[in-house]
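K.L.:
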Amino acid sequence: MKKQFIAGNWKMNLTLNKARDLAKSICEGLADSNTVDVGIFPPFVYLKDICDILQSSNVFVGAQNMSMEKSGAFTGEISGEMLRDIGCTHVIIGHSERRTIFKETDHIINSKIKSALLNGLCPILCVGESQKERDTGKTDEVVDGQLSGSLENLTSEQVKGLTIAYEPVWAIGTGKTATPDQANEVHACIRNIIRKKYDNSTAQSVRIQYGGSVNSNNAKELLGQLEIDGALVGGASLDPDSFLDIVSGAVRHA
Ligand code: PEP
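This is the structure:
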C-alpha cells in the first residue's frame, strides 16, 4: 500500500508570525493521523523555526529549492547540507517557476537531485508542459525529456525514493485544473517512462503527485484517480482549513 503524499508549497508568502501560526494550525488539525504523508515547504528564512515547531510531529518540512553545490563561494545560495542540518527532510526541485523565471535546465535539476540525495533529503521533482505544448500534442514528449534529463545517472534505488510532481504549467496558480482524466493519463505516462528506463518495481514505488490549482473542491476527485499518489498544493496550502480539507480527501491506493 502506498500512502498518499500531500505537500504545501508556500512560495514567497507570509511573515514569520503568520508562517508559525499556519504550521501550528496544520499540525493541530492533523492530530496524530498517519494515513497520509503531509509536508510543508516554507520560504528558506522560516525553515528553522518551522522545523523546531514541527520537530515531534509527523509533518515533514522541506525547502522550495536548494543549491547543486556542496559549499563555498556561491553568494545567496543554500546547500543541501544546511537544509538537513536544520531538520529538513524534503526539497522541491525543478518547480516550473524555477525552470522559467530562474532558467533552471534539466542538467541543473539533475545535479540538484544528486546533491539532495547525497545529503539525505527526499526530492520532489516537478515536471509538466506549457499550454502551447499541450495544445500541440507534445505533453508526453515534454515530460519524457524532462524526466530523462533530470534523472540522468540515477539508480533505481534512488528513483524509488523520489516523489515526482506532475504540474502542468497552465494549471499552476491559474485556477485552471487538469481534469481527473487528463491528470491520470499523464501520471500513467510518467509511470510508463519510469518503467521503461528502470523497471516495474521502480515505477510502482515512485509516488506521483498532481499539482495545479488543487483546492478543497477538486482534491477528492483528483486524489481518487488510480495513478495519483498525492498533491503538490500552492495557493490553497496557505489556508489551514483548505489544506486540511485537501489532506482529508486523500485515499490509499493498492
Ligand atoms: C505550485 O506552486 O506547485 C502549485 C501547484 O500552485 P497552485 O496550487 O497555486 O496552482
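Numbering of the sequence shown is given in our numbering, commencing with residue 31 and proceeding in unit increments.
Ideal Cβ placement from N, Cα and C applies to all residues, glycine included.
Owing to the predicted nature of the structure, the values given are computational and were not obtained by experimental measurement.
Excluding the 5 residues flanking ASP67 on each side, which residues of the same chain have their C-beta closer than 6 Å to its C-beta?
P.N.:
Within the sequence shown, numbered from 1, the residue matching residue 67 stands at position 37. Excluding residues within five positions, the ones whose Cβ falls inside 6 Å are LYS33 and PHE35.
K.L.:
Could you check what DSSP says for LYS32 in three-state terms: helix, strand or coil?
P.N.:
Mapped onto the sequence shown, residue 32 falls at position 2. LYS32: strand per DSSP, three-state reduction.
K.L.:
Count the other CB atoms, across all protein chains shown, that sit within 10 Å of the CB of GLU58; report buried if there are 16 or more and exposed otherwise.
P.N.:
Stepping through the sequence shown from its first residue, residue 58 is reached at position 28. Label assigned to GLU58: exposed.
K.L.:
Can you tell me which of THR65, GLU215, ALA53 and LYS41 puts its alpha carbon nearest to the alpha carbon of MET18?
P.N.:
The requested residue 18 does not occur in the structure, where the chain is confined to residues 31 to 284.
K.L.:
From ALA261, LEU52 and THR209, pick the residue whose C-alpha is nearest to that of ILE122; which is it?
P.N.:
To locate residue 122, count along the sequence shown from 1; it is residue 92. Measuring from the Cα of ILE122, the nearest candidate turns out to be ALA261.
K.L.:
Name the residue from THR169, GLY117 and THR232 whose alpha carbon lies nearest to the alpha carbon of ASN88.
P.N.:
The sequence position of residue 88 within the sequence shown is 58, counting from 1. Ranking the options by Cα distance to ASN88, first place goes to GLY117.
K.L.:
From the DSSP secondary-structure annotation, give me the bridge partner or partners of ASN39.
P.N.:
Sequence index remark: in the sequence shown, residue 39 carries index 9 (1-based). Partner(s): PHE71.
K.L.:
State yes or no: is the C-beta of THR193 within less than 7 Å of the C-beta of ARG237?
P.N.:
Position 163 of the sequence shown holds residue 193. Position 207 of the sequence shown holds residue 237. Yes, the pair counts as a contact, with Cβ atoms nearer than the cut-off.
K.L.:
Compute the distance between the beta-carbons of SER145 and MET112, then report whether it is under 7 Å.
P.N.:
Looking up residue 145 in the sequence shown gives position 115. Looking up residue 112 in the sequence shown gives position 82. No, they are not a contact pair.
K.L.:
With distance defined between alpha-carbon atoms, name the residue in LYS190, SER246, ASN39 and GLY69 nearest to ASP229.
P.N.:
The sequence position of residue 229 within the sequence shown is 199, counting from 1. Checking every option, the nearest Cα to that of ASP229 belongs to LYS190.
K.L.:
Ignoring anything shorter than 4 residues or poking outside the stretch 169-254, list the alpha helix (DSSP H) runs there in chain order.
P.N.:
169-180, 186-190, 210-227, 230-235 and 249-253, all fully within the stretch 169-254.
K.L.:
Is any heavy atom in the ligand PEP found nearer than 6 Å to the beta carbon of ASN39?
P.N.:
As a first step, residue 39 is located in the sequence shown; it is residue number 9 there, counting from the start. Yes, the Cβ of ASN39 comes within 6 Å of a heavy atom of the ligand PEP.
K.L.:
Once you ignore the five residues that flank ASP170 on each side, which residues in its own chain have a CB closer than 7 Å to its CB?
P.N.:
Position 140 of the sequence shown, counting from 1, holds the residue named residue 170. Cβ within range, chain order: CYS219.
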